[in-house]
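Visitor: Here it is, the structure in full.
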Amino acid sequence: MTSKINIFLQKTKLIALFFAVFALTLPHLNASEPNEDPIVGADSTAAAHPAKSDTGKVNIAEVAFEHILDAHSWHFWGEGHHAVSLPLPVILKSNNGIVSFMSSQFEHDVKGMHLVEMNGERFVNFEEHIYYAAETQNEHGQWLQFGKDDKGKEIVLNASPLDFSMTKNVISMLISVIIILWLFLSTAKAYKNTGITSAPKGKQSFLEPLILFIRDDVAKTNIGSKSDKFVPYLLSLFFFIWINNLLGLLPFGANLTGNIAVTLVLAVITFIITNVNGNKSYWGHVFKPHAPIAIWPILIPIEIAGLFIKPVALMIRLFANITAGHIIVISLVGLIFIFKTLYISPVAVGFALFIDVLELLVAFLQAYIFTMLTALYIGSAVADHNEDGVHNEDDEKMAHAH
Amino acid sequence: MNLFILNALITPSVGLIFWSSIVFLLLFFILAKFAWKPILAAVKEREEGIENALKSAENAKKEMESLKAGNEKILAEARVERDTLLKEAREIKDGIINEAKVKAQKESDRILTSAREQITNEKNAAITELKNQVATLSIDIAEKILKSDLASDEKQKALVSSLMKDVNLN
């Protein structure tokens, strides 16, 4: 297994350097004029009172979150009306049915100040969430009403339509799907063309060890003799997460795998596959634990909670790891803006480069961990256990083999 | 910190759940049918091919070895057989020679003995014959002498005197 990772690391070394250098030059160039185009200041109340700060202070946290969150347009650079971004379709399920328009209609406004009227309904974009506009503007010119919830937290009182927009993350995902399909359909074709008698060539020779790694070291190790059925899902999962992790590291890339909705979907699919394939001994383990009946009232709820905790852990692990990596890189680049000097840039760029290269490893590692744990959960659901909880011969063999 | 942004970070949005479910499931089905199936089948086929090739190579090696071992065994057997044959031949040869020698010795002994006997016999016969002939001759001579000497008185007197002379001489 280590040798396979070594091969992979060698192969990606060049790509890694290219990505990292490219990713870092762009914010660095912008950094040369930090005061000319100040990013909108934001303190804890700035959301409700989005008056632009005149001090030119940069809130790095805000910038970081803007980068890691989903958006209705693909923002490249610039602020306010000077922003350069790719408009994306906004699709809403409103009270009057499906409404769609391009995100450019908001004119880069994310403070709820620009109205978009469609089919007699009015919408505003506040922090990339689309609300029905209020009847009147508040004192800051926003078509929003703010209030407090039970805990005293500030919330938007406006109702919002169901948002099925093709957001930045959706578009990024579609790009990743095109890349994945191209990669693997052409690889499948290569097997058909060159046959099995010749050695793999090009992409094929790079992807085959990875495919075999997932098949043998992830699926077979954790699932055992019934692994063949689940290999296609594990392969799709691994490459989907990995490719999207890598795309997220590209400059202007979307933070798809660091979005909790995406990791939620993946975790739910894993949850469904695991429990649909759960055999008698798996459910027996949950509802008839191998323990004295006296502690069943404690054990059974814990086992049931465990069924849900596993996918939730999967969801949070991937989301948190990828998001954290992005935040670290942006924070390090943000040092330039905080210190307001270019002389800090070698330090910032050096550290960011280091983290970026580390993120390449994390991209692979998190894809591997998600896939491996999925295989592990499926394995626990389909494994044959004897009544006394001892693994059968097949499992024993697997245990010895590894 | 902006609470709305923090909320957005940990609130899964319906739209993205919708799109990512559709996109991922579609991707999975397309990949499963058109990528994983042929790729995994090809890889498996190749692995089986390699395994079979290795197995048959191993079998061939084993066969070769057993063949070699058989050859060696046959060779050893042949060598043993040859040695036995040689030994036997030598024994037989020695036997024959010995036998012949003994036989020849016996024969020569016999021949010598019989020759000797024959010679003795013939010698005896010859002596006997000679004795007989001498006797006959002596009688004949005596007869003739007697005839001639006893033809006249004179002569008989002469003879008796001569004989007498001889007797005297003796």
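Listed in order, the protein sequences are those of chains A and B.
Residue 42 in numbering that gives the first Met the number 0 sits at position 43 of the first sequence; the count goes up by one each step and never skips.
Residue 158 in numbering that gives the first Met the number 0 sits at position 159 of the second sequence; the count goes up by one each step and never skips.
Every residue, glycine too, gets a C-beta built ideally from N, C-alpha and C.
Quick caveat, the model's predicted, so the values are computed rather than measured.
At the 9 angstroms Cβ level, is Thr-135 of chain A part of the contact set with chain B, yes or no?
Guide: For the purposes of this step, residue 135 of chain A is taken as the residue at position 136 of the first sequence. Chain B contact via Cβ: absent.
Visitor: I'd like to confirm the pairing. Which residues does DSSP put opposite Val-98 of chain A in its beta bridges?
Guide: Position 99 of the first sequence holds residue 98 of chain A. Answer is A:Leu-91.
Visitor: Since Leu-161 of chain A contacts Val-13 of chain B with CB under 8 angstroms, what's their CB separation in whole angstroms?
Guide: In the first sequence, residue 161 of chain A corresponds to position 162, counting from 1. In the second sequence, residue 13 of chain B corresponds to position 14, counting from 1. Rounded, the Cβ-Cβ distance is 6 angstroms, consistent with contact.
Visitor: According to DSSP, is Leu-184 of chain A helix, strand or coil?
Guide: Reading the first sequence from its first residue, position 185 is the one you call residue 184 of chain A. In the structure shown, Leu-184 of chain A sits in a helix (DSSP, three-state: H, G or I).
Visitor: For the stretch 77 to 91 of chain A against the stretch 353 to 367 of chain A, do three or more pairs of beta-carbon atoms, one drawn from each stretch, fall closer than 8 angstroms, so that the two count as touching?
Guide: The stretch 77 to 91 of chain A, when compared against the stretch 353 to 367 of chain A, does not touch it at the 8 angstroms Cβ threshold.
Visitor: Considering only the beta carbon of each residue, do Ala-374 of chain A and Ile-222 of chain A sit closer than 9 angstroms?
Guide: Start at 1 with the first residue of the first sequence, and residue 374 of chain A comes out as number 375. Start at 1 with the first residue of the first sequence, and residue 222 of chain A comes out as number 223. A contact, by the Cβ cut-off of 9 angstroms.
Visitor: Counting pairs of Cβ atoms below 8 angstroms between the stretch 273 to 283 of chain A and the stretch 332 to 349 of chain A, do you hit three or more?
Guide: No: fewer than three Cβ pairs fall under 8 angstroms.
Visitor: Distance cutoff 9 angstroms, beta carbons only. Does Leu-187 of chain A sit that close to anything in chain B?
Guide: Working through the first sequence from its first residue, we reach residue 187 of chain A at position 188. Just to set this straight, residue 187 of chain A is Ala in the shown sequence, not Leu. Yes, Ala-187 of chain A counts as interfacial toward chain B.
Visitor: What does a CB cutoff of less than 7 angstroms around Leu-85 of chain A pick up in its chain, not counting 5 residues either side in sequence?
Guide: In the first sequence, the residue the question calls residue 85 of chain A occupies position 86. So the qualifying residues of the chain are Ser-72 and Trp-73.
Visitor: Hey, Gly-264 of chain A and Ile-16 of chain B are a contact pair by Cβ (cut 8 angstroms); roughly how many whole angstroms apart?
Guide: Counting from 1 along the first sequence, the entry for residue 264 of chain A is found at position 265. Counting from 1 along the second sequence, the entry for residue 16 of chain B is found at position 17. The amino acid at residue 264 of chain A is misidentified as Gly; the sequence shows Val. Contact flag correct, Cβ pair sits at about 6 angstroms.
Visitor: For Leu-265 of chain A, go through chain B and note every residue whose CB falls closer than 9 angstroms to its CB, in chain order.
Guide: What you label residue 265 of chain A is simply residue 266 of the first sequence in a count that begins at 1. Going along chain B in sequence order, the residues near Leu-265 of chain A (Cβ under 9 angstroms) are Ser-19 and Phe-23.
Visitor: Tell me whether Ser-12 of chain B sits in a helix, a strand or coil according to DSSP, three-state version.
Guide: Taking the first residue of the second sequence as position 1, residue 12 of chain B is located at position 13. In this structure, Ser-12 of chain B counts as coil in the three-state DSSP scheme.
Visitor: Could you work out which residue in A:His-81, A:Ser-171 and A:Thr-269 is closest to Ile-377 of chain A when comparing CA atoms only?
Guide: Here residue 377 of chain A is taken as the residue at index 378 of the first sequence, counted from 1. Of the candidates A:His-81, A:Ser-171 and A:Thr-269, the one whose C-alpha sits nearest the C-alpha of Ile-377 of chain A is A:Thr-269.
Visitor: From the beta carbon of Val-285 of chain A, is the nearest beta carbon of chain C less than 9 angstroms away?
Guide: Any reference to chain C falls outside this structure, whose protein chains are A and B.
Visitor: Are the beta-carbon atoms of Ala-70 of chain A and Lys-167 of chain A separated by less than 9 angstroms?
Guide: Taking the first residue of the first sequence as position 1, residue 70 of chain A is located at position 71. Taking the first residue of the first sequence as position 1, residue 167 of chain A is located at position 168. Yes, the Cβ-Cβ distance between Ala-70 of chain A and Lys-167 of chain A is below 9 angstroms.
Visitor: State the DSSP-derived secondary structure class of Phe-7 of chain A, mapped to helix, strand or coil.
Guide: Taking the first sequence and counting its residues from 1, one reaches residue 7 of chain A at position 8. Interpretation of Phe-7 of chain A is limited by its pLDDT of 47, a score under 50 that renders its predicted location unreliable; the figure taken from the coordinates is listed afterwards. Helix.
Visitor: Tell me the DSSP secondary structure of Ser-52 of chain A in three-state form.
Guide: Here residue 52 of chain A refers to the residue found at position 53 of the first sequence. Any reading at Ser-52 of chain A must be qualified, since the residue scores a pLDDT of 44, below 50, and its modelled position is unreliable; the value itself is stated next. Coil, per DSSP.
Visitor: Shortest alpha-carbon distance to Phe-64 of chain A belongs to which of A:Ser-330, A:His-81, A:Val-83 and A:Met-314?
Guide: The residue labelled residue 64 of chain A in the question sits at position 65 within the first sequence. Of A:Ser-330, A:His-81, A:Val-83 and A:Met-314, the residue nearest in Cα terms is A:Ser-330.
Visitor: Given that a residue counts as buried once 16 or more other Cβ atoms are within 10 Å of its Cβ, and exposed if not, what is Asp-355 of chain A?
Guide: To locate residue 355 of chain A, count along the first sequence from 1; it is residue 356. Buried: at least 16 other Cβ atoms inside 10 Å.
Visitor: Mind checking whether Met-404 of chain A and Val-261 of chain A have CB atoms under 9 angstroms apart?
Guide: Because residue 404 of chain A is not part of the residues shown, which for chain A are 0 to 401, the question remains open.
Visitor: Can you grab the Cα-Cα spacing for the pair Trp-181 of chain A / Thr-322 of chain A, in whole Å?
Guide: To locate residue 181 of chain A, count along the first sequence from 1; it is residue 182. To locate residue 322 of chain A, count along the first sequence from 1; it is residue 323. Going by the C-alpha atoms only, they are around 27 angstroms apart.
Visitor: Under 7 angstroms between beta-carbons, which chain A residues line up against Glu-76 of chain B? List them in chain order, please.
Guide: In the second sequence, counting from the first residue as 1, residue 76 of chain B sits at position 77. Those within 7 angstroms of Glu-76 of chain B in chain A number zero; the least Cβ separation is about 45 angstroms.
Visitor: From Leu-158 of chain B to Glu-128 of chain B, what distance separates their C-alpha atoms?
Guide: Indexing the second sequence from 1 puts residue 158 of chain B at position 159. Indexing the second sequence from 1 puts residue 128 of chain B at position 129. Rounded to the nearest angstrom, the two C-alpha atoms are 31 angstroms apart.
Visitor: Can you look up Pro-250 of chain A in the DSSP assignment and give me helix, strand or coil?
Guide: Here residue 250 of chain A corresponds to residue number 251 of the first sequence, with the count starting at 1. Looking at Pro-250 of chain A - three-state DSSP - the assignment turns out to be coil, as it is neither helix nor strand.
Visitor: In terms of residues, what are the limits of the beta strand (DSSP E) holding Tyr-342 of chain A?
Guide: As a first step, residue 342 of chain A is located in the first sequence; it is residue number 343 there, counting from the start. Taken as a continuous stretch (DSSP letters only), Tyr-342 of chain A belongs to no beta strand (DSSP E), as it is neither H nor E.
Visitor: At the level of alpha carbons, what is the spacing between Lys-60 of chain B and Lys-67 of chain B?
Guide: Translated into the one-based positions of the second sequence, residue 60 of chain B becomes position 61. Translated into the one-based positions of the second sequence, residue 67 of chain B becomes position 68. Distance between the alpha carbons of Lys-60 of chain B and Lys-67 of chain B: 10 angstroms.
Visitor: Please classify Glu-358 of chain A: is it buried, with 16 or more other beta-carbons within 10 angstroms of its beta-carbon, or exposed?
Guide: Within the first sequence, the letter at position 359 stands for residue 358 of chain A. The residue in question, Glu-358 of chain A, is buried, as its Cβ has 16 or more Cβ neighbours within 10 Å.
Visitor: From A:Ile-170, A:Val-348, A:Ala-380 and A:Val-57, pick the residue whose C-alpha is nearest to that of Leu-255 of chain A; which is it?
Guide: Indexing the first sequence from 1 puts residue 255 of chain A at position 256. Ranking the options by Cα distance to Leu-255 of chain A, first place goes to A:Ile-170.
Visitor: Answer yes or no: does any C-beta atom of chain A fall closer than 9 angstroms to that of Ala-41 of chain B?
Guide: Start at 1 with the first residue of the second sequence, and residue 41 of chain B comes out as number 42. Output row for Ala-41 of chain B: interface = yes.
Visitor: At the level of alpha carbons, what is the spacing between Ile-301 of chain A and Val-230 of chain A?
Guide: Locating residue 301 of chain A in the first sequence gives position 302, where the first residue counts as 1. Locating residue 230 of chain A in the first sequence gives position 231, where the first residue counts as 1. One C-alpha to the other measures close to 30 angstroms.
Visitor: So Trp-35 of chain B is in the alpha helix (DSSP H); what residue range does that whole segment cover?
Guide: In the second sequence, residue 35 of chain B corresponds to position 36, counting from 1. From DSSP, Trp-35 of chain B is part of no alpha helix (DSSP H); its letter is neither H nor E.
Visitor: Might you give, ordered along the chain, the residues of its own chain that have their beta carbon closer than 7 angstroms to the beta carbon of Leu-149 of chain B, omitting 5 neighbours on each side?
Guide: Walking along the second sequence from the start, residue 149 of chain B turns up at place 150. The residues are Gln-155.
Visitor: Name the chain A residues that come within less than 9 angstroms of Ala-31 of chain B, Cβ to Cβ?
Guide: The sequence position of residue 31 of chain B within the second sequence is 32, counting from 1. Going along chain A in sequence order, the residues near Ala-31 of chain B (Cβ under 9 angstroms) are Pro-231, Tyr-232, Leu-234 and Ser-235.
Visitor: Is the beta carbon of Ser-235 of chain A sitting closer than 9 angstroms to the one on Leu-5 of chain B?
Guide: Counting from one through the first sequence, the residue named residue 235 of chain A turns up at place 236. Counting from one through the second sequence, the residue named residue 5 of chain B turns up at place 6. Not in contact: Ser-235 of chain A and Leu-5 of chain B (Cβ atoms no closer than 9 angstroms).
Visitor: In its own chain, which residues sit with a C-beta less than 6 angstroms from the C-beta of Tyr-281 of chain A, not counting the 5 before and 5 after it?
Guide: Locating residue 281 of chain A in the first sequence gives position 282, where the first residue counts as 1. So the qualifying residues of the chain are Ala-380.
Visitor: Here's a check: name, in chain order, each residue in its chain whose Cβ is nearer than 8 angstroms to the Cβ of Ile-240 of chain A, leaving out the five neighbours to either side.
Guide: Taking the first residue of the first sequence as 1, we reach residue 240 of chain A at position 241. Thr-256, Leu-265, Leu-317, Gln-365, Ala-366, Phe-369 and Thr-370, listed in sequence order.
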